[in-house]
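Letter by letter, the sequence shown follows residues 0 to 271 in numbering that gives the first Met the number 0.
We put the beta carbon where it would ideally sit given N, CA and C, even for glycine.
As the structure is a computational prediction, the values presented were derived from the model and not from experiment.
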Amino acid sequence: MTTPLTARGSFLRGANHRLIEPPTPTTSQSHRRRVTVTCSVTPPSQYSPIITRRSASISAFLFFIASSSHSNCTLSLLNLFNNLVRIYLTCFVNLKCTDADASPFDKYVKRKKLEPLEAYVPAVLLSQDQFKDLEKSLELEQPRYDESRSLLRSGPAASLRVNIRAVAQYANDSGKGKVASDAVDQCLRALEDLDSLLLHALRKDPGASVESMKGKITVAIGALDNLLQTVPSAILDKGKAIAEAYRTPSYEEESNMLQQSDPEIRRLEAIL
0 MTTPLTARGS FLRGANHRLI EPPTPTTSQS HRRRVTVTCS VTPPSQYSPI
50 ITRRSASISA FLFFIASSSH SNCTLSLLNL FNNLVRIYLT CFVNLKCTDA
100 DASPFDKYVK RKKLEPLEAY VPAVLLSQDQ FKDLEKSLEL EQPRYDESRS
150 LLRSGPAASL RVNIRAVAQY ANDSGKGKVA SDAVDQCLRA LEDLDSLLLH
200 ALRKDPGASV ESMKGKITVA IGALDNLLQT VPSAILDKGK AIAEAYRTPS
250 YEEESNMLQQ SDPEIRRLEA IL
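Shown next, in the form of structure tokens:
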């Protein structure tokens, strides 16, 4: 049976019409394009100042996942992302709890093996003497504030921060951590204020008076006394003996000092 030409033309036109017709989206395709992603993990409100910094990147990541055309891949990525968020929040909360439960004295000392307590006490005592000498230098008619600042950073005072923290750590181990930590705080704060006053005095600031500087020195020395009261008496007596030996010059040192101070001795040495 043969088809007439007119019928053939109608059939071809119908076929062409069907070919150029845009395909109708199926229900499954429409569903994949409308994937909505929600995250059930909400950061705790007390940590919102830190977590919200990452909110933009999290939203962008979720939007990227939502735009994926493969539902299986989307679900896998969502599960991975939720697991990562849970791990992050767990570690963050544990870290905060650890910091909250830690000893208040932990901020002072790096956790490393300390020398025996006897090694720190003499240096603290000599630092006290150094601050007393600094106070006397401020009583001059024209104090040298630059030299006073240098004195805070030289000799035993240069390592005072390390020494008092070590002494306070021993006090903390013996149950006197609160007194020791308060003394360390008070001493360091007074020395920082003293250094600031000396700097302002160098800049001719009338508000930086000598009396205020002496007051800061008195506070620092008193704080060191409070810290040394936490040291066992036997160790403190031993430290005082060592510090006294440092203060007392030997016979050879005294001879050298006399020779340098007496011009007659220097002239005789030159003749000989």
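Collapsed DSSP secondary structure at residue i in the structure displayed
i           : result
residue 207 : coil
residue 123 : helix
residue 149 : helix
residue 112 : coil
residue 175 : coil
residue 229 : coil
residue 139 : coil
residue 164 : helix
residue 246 : helix
residue 202 : coil
Short CB-CB distance (under 7 Å) between residue i and chain C
i           : result
residue 180 : Here there is only one protein chain, and chain C is not present.
Cβ distance (whole Å) where residue i is taken to contact residue j below 8 Å
i           : j           : result
residue 218 : residue 189 : 4 Å
residue 161 : residue 238 : That pair is no contact at about 16 Å.
C-beta contact flag for residue i and residue j at 7 Å
i           : j           : result
residue 242 : residue 139 : no
residue 185 : residue 155 : no
residue 197 : residue 148 : yes
residue 234 : residue 116 : yes
residue 201 : residue 245 : no
Near the ligand ADP: residue i beta-carbon under 6 Å from a heavy atom
i           : result
residue 126 : Questions concerning the ligand ADP fall outside what the structure shown contains, since it holds no ligand whatsoever.
Residues near residue i by beta carbon distance below 8 Å, same chain, minus five either side
i           : result
residue 175 : 229
residue 170 : 176, 178, 179, 226, 229, 230
residue 220 : 127, 130, 131
residue 203 : none
Nonlocal neighbours in the same chain, by C-beta distance under 7 Å from residue i, ignoring five residues either side
i           : result
residue 133 : 147, 150, 216
residue 222 : 182, 185, 186, 189
residue 209 : 137, 142
residue 199 : 206, 207
residue 211 : 196
residue 122 : 155, 158, 162
Cutoff 6 Å; reference residue i; Cβ partners in own chain excluding five residues on either side
i           : result
residue 192 : 215
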